[in-house]
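Q: For reference, each letter of the sequence shown is one residue, going 6 to 592 in the working numbering. Have a look at the structure that comes next, please.
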Amino acid sequence: MCGIFGYIGTRKISPNVLIDGLSRLEYRGYDSWGIALISNQKIFIKKKTGKIGTAKANNLPKTPIAIGHTRWATHGGISDINAHPHLDCTRSIAVVHNGIFENYETIKKRLIRLKHKFISDTDTEVIAHLIEDETRKKALPQALISAFKKMAGLNAVVIISTKDKSIIAIKNGSPLIIGFGDKGNFISSDASALLPHTKKVYFMEDDEMAIIKEKLVEIISVKQGKRKKIKAQKLDWTITQAEKGKYPNFMLKEIYEQSKILPEIGISTSQTYNISRLIKNSSGIYLLGCGSASHAALAGTYLFSKIAKYHANFALGSEFGYQLDFLNKKSLIISISQSGETMDILESVKKAKEKGAKIASLTNIAGSSLYRMSDYKMLIGAGPEKSVASTKALTAMIAHLILIAYALNGNPQKGEGILRKTTKSVESILSKNSIKTIRTLADKIYKAKNIYVVGRGLSYPASLEVALKIKEISYIHAEGLASGELKHGPLALIEKGAPCIVFLPKDETYGANLAGAMEMKARGGFVIGISYKPHEVFDYFIKVKDAEEATIIPNIIAGQLIAYYLTIKKNLDPDKPRNLAKSVTVK
């Protein structure tokens, strides 16, 4: 949440370079945006509410040093004044910030007594004045460290000053990545925003400060006060992967990319075998996730049980911290996160490590916080995912869990074969005829106030995921339900014409799911069957070819398309749903 981008170099650049960088981070927050640059020993600022869109900063001078920010509001309403960057009283220090400064009110009161003047309602402006106060007795880098130590919470802070020819950054919790260019250096909240400029990067660790100059970067341990050796790495993504290309938005692009990603995933690797061996040697397995990743984690418990006859527990990342009493050195935590920066996951993992548990992770970002914290890691290989609503990363997670389950079963070749079969099913659901069927459905149900998505077994996490997609991008209230629970309450909600999406895969749940469909039909529900064959109970039918246990993947993709075309029919932006942001780095 919130995106930070900065540049310092030997050449002066247009401020529009900063705006382009921020536009690549806009999925992290789009309530407002702003940039600060230094020219002729003055700080110039431009900031606005709303999405960046086609914004330009042609009225600002070219500059060799600038920082910018795209905001997801936490403290203070959405306004130009509350947008970052923020300045101190002397207008010589500009600050951008990601995180929550938990004790800002106490510090703000003290600074007011010292005659500091505030113009915004944000916690970030307090940081600028706190640093200013510390510079009365300290040089800027030491002042930043001193201020940071006074800040409670998990934060990333990046500053520039007219008195120091550098960008200075410090972090604890929220991600910051440094990019090393030929004629300058960069800093960003996400590696994908650096791709137009460089592939050589360094992921900052917690409690590190970076002093970034034109041709030099220093990393300093905040706790020890010593310089640290920089171990840079090379990104294996391309800039094309991080752009929309021929598609109208990132979500549609990422939905279609799933047919290409699955064949690449469908080969068991040493990572697959390492994690399967780790599971065999563990006593107490827990799969964690938040949002869409939680549905992958829940699916993993079904897959491990059905395929490998292994019991695994499921927990929401945000709740697992309250369930740690039973952990020991034989416990294994499998943490699932696209970004590897989800704060609720990281907090739970830290606590589990303190209990001696082993940590395995499935993440999309090499070098992310979760990746670095894990004893064993598996990269899901989905490529950059820019739409807030996860699509390809989610199905990549499930595909890897299928491979792990079959490696546990001792038959990895079957897992690979099932994913090949899945690819054909996905290609079918993405065909022109299937898309036409789904678009026609969206035209029929887009005015619905409630949609119910129902499944059983592996189709239950699929129903939760599809309901999440519908509600987060089309703003239609949707509920994912276990079909066996309908008669325990949810049937009371079914009204005449209510859209009821029912998954009926070719497995042992077919009959029970069909009974659920009949129950909803009898109450007037408009039954949408997603299955390998039609049935007379369906008012509408979407065909998904069978792919055994992996049928959950094309079923979810069918749901992604329903959610997408509902959103398009309502003339909404599928990439940037209201009130949400990708990579939730605050609690």
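Beta carbons are placed, not taken as given, at the ideal position from N, Cα and C, and that holds for glycine. Here the structure is a predicted model, which means the values were calculated and not measured.
(1) Taking only the alpha-carbon atoms, compute the straight-line gap between residue 351 and residue 543 and give it to the nearest angstrom.
(2) According to DSSP, which residues form a beta bridge with residue 5?
(3) In the DSSP assignment, what residue or residues form a beta bridge with residue 431?
(4) Pairs of beta-carbons, one from the region 398 to 414 and one from the region 270 to 287, closer than 8 Å: are there three or more?
(5) With a threshold of 8 Å between beta-carbons, can residue 34 be considered close to chain C, or not?
(6) Which residues does DSSP list as the beta-bridge partners of residue 223?
(7) Along the chain, which unbroken stretches of the alpha helix (DSSP H) at least 4 residues long are found entirely within the region 250 to 300?
(8) Can you give me the Cβ contacts of residue 423 inside the same chain, cut-off strictly under 7 Å, excluding the 5 residues immediately before and after it?
(9) DSSP three-state call for residue 484: helix, strand or coil?
(10) Taking residue 52 and residue 88 to be in contact with their CB atoms under 8 Å, please state how far apart those CB atoms are, rounded to whole angstroms.
(11) With a CB to CB cut of under 6 Å and the five nearest residues on each side skipped, what residues in its chain are close to residue 484?
(12) When you compare only the Cα positions, how much space is there between residue 452 and residue 123?
(13) What's the call for residue 385, buried or exposed, on a 16-neighbour Cβ count within 10 Å?
(14) Please confirm whether residue 152 and residue 136 have their CB atoms less than 8 Å apart.
(15) Does the region 41 to 55 come within contact of the region 220 to 231, defined as at least 3 CB pairs closer than 8 Å?
(16) Along the chain, where does the beta strand (DSSP E) that runs through residue 169 open and close?
(17) Let's see if you can read the secondary structure: which residues bound the alpha helix (DSSP H) around residue 151?
(18) Looking at residue 507: is its Cβ nearer than 8 Å to the Cβ of residue 533?
(19) Considering only the beta carbon of each residue, do residue 213 and residue 233 sit closer than 8 Å?
(20) If we ignore side chains and look at the alpha-carbon of each, how far apart do residue 558 and residue 405 end up?
(21) Straight-line CA distance for residue 489 to residue 523?
(22) Taking three-plus beta-carbon pairs below 8 Å as touching, is the region 190 to 209 in contact with the region 129 to 148?
(23) Does DSSP put residue 2 in a helix, a strand or coil?
(24) Kindly indicate which residue of 396, 249, 155 has the alpha-carbon position closest to the one of residue 227.
(25) Across which residues does DSSP place residue 504 in a beta bridge pair?
(26) Give me the DSSP bridge partner(s) of residue 193.
(27) Taking residue 577 as part of the beta strand (DSSP E), name the residues at either end of that continuous run.
(28) Under three-state DSSP, which class holds residue 29?
(29) Can you say whether residue 288 is buried or exposed, counting buried as having 16 or more other CB atoms within 10 angstroms of its CB?
(30) Any idea if residue 527 is buried or exposed, counting beta-carbon neighbours within 10 angstroms, 16 or more meaning buried?
(31) For residue 445, name the three-state secondary structure that DSSP assigns.
(32) Taking the runs of the alpha helix (DSSP H) that are 4 residues or longer, which of them lie wholly in the region 18 to 65?
(33) Tell me the rounded alpha-carbon separation between residue 545 and residue 504.
(34) Look up residue 231 in the DSSP assignment and say whether it is helix, strand or coil.
(35) If you drop the 5 nearest sequence neighbours on each side, which residues of the same chain put their C-beta closer than 7 Å to that of residue 17?
(36) Look at the Cβ atom of residue 101, then the Cβ atom of residue 83, and state whether they are nearer than 8 Å.
A: Put simply:
(1) In a straight line, the C-alpha of residue 351 is about 43 Å away from that of residue 543.
(2) Beyond the ends of the chain as shown, which are 6 and 592, falls residue 5; an answer cannot be given.
(3) DSSP lists no bridge partner for residue 431.
(4) yes
(5) You won't find chain C in this structure, because it holds only one protein chain.
(6) 216
(7) 255 to 270, 275 to 285
(8) Same-chain partners within the cutoff: 407, 552, 553, 554, 555.
(9) strand
(10) 4 Å between Cβ atoms; contact.
(11) 457, 472
(12) Using only the alpha carbons, I get a separation of about 46 Å.
(13) buried
(14) yes
(15) Judged by Cβ distances under 8 Å, the region 41 to 55 makes no contact with the region 220 to 231, as fewer than three pairs qualify.
(16) 169 to 177
(17) 145 to 155
(18) Between residue 507 and residue 533, the CB-CB gap stays under 8 Å.
(19) yes
(20) Here the C-alpha atom of residue 558 lies approximately 12 Å from the C-alpha atom of residue 405.
(21) 12 Å
(22) no
(23) Outside the shown range of the chain (6 to 592) lies residue 2, about which nothing can therefore be said.
(24) 155
(25) 531
(26) 10, 182
(27) Unbroken run through residue 577: none, as it is neither H nor E.
(28) If DSSP states are grouped into helix, strand and coil, residue 29 belongs with coil.
(29) exposed
(30) exposed
(31) helix
(32) 20 to 28
(33) 10 Å
(34) coil
(35) 67, 68, 69
(36) no
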